[in-house]
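Here the structure comes first, spelled out in structure tokens, and everything after it is commentary.
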Ligand SMILES: N[C@@H](CCC(=O)N[C@@H](CS)C(=O)NCC(=O)O)C(=O)O
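In our numbering, the protein residues as written are 1 to 54.
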């Protein structure tokens with residue numbers, strides 16, 4: 001299943017949610033708060049050294 005790493009106030013993230021739902025593709029939300037630096041944790045940076053989402 002797809003995992004969508006999303007910051008919920010993001011319009012870009014919402015567009016991805018809409019697309020996945022319209023295509024009836026199952027997905028799982030992993031909520032991250034970029035304002036709290038949650039994309040800069042060591043675990044997240046191991047997965048995505050860019051440290052950015054959306
Ligand atoms: N889509 C671009 C830019 C993505 C971007 O800048 N995302 C920002 C939010 S709009 C972000 O995740 N910032 C978190 C951070 O820099 O810690 C990319 O592929 O890198």
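Built from N, CA and C at the ideal position, the CB exists for glycine as well. Just so it is clear, the structure is predicted and the values come from calculations on it, not from any experiment.
Check                                                                                                       : Outcome
Is residue 5 buried or exposed, if buried means 16 or more other CB atoms sit within 10 Å of its CB?        : buried
Would you list the one or two residues that DSSP bridges to residue 30?                                     : 5
Would residue 46 be called buried (16 or more neighbouring beta carbons within 10 Å of its own) or exposed? : exposed
Straight-line CA distance for residue 16 to residue 50?                                                     : 19 Å
Looking at C-alpha atoms only, which residue of 40, 33, 1 and 9 is the closest neighbour of residue 20?     : 1
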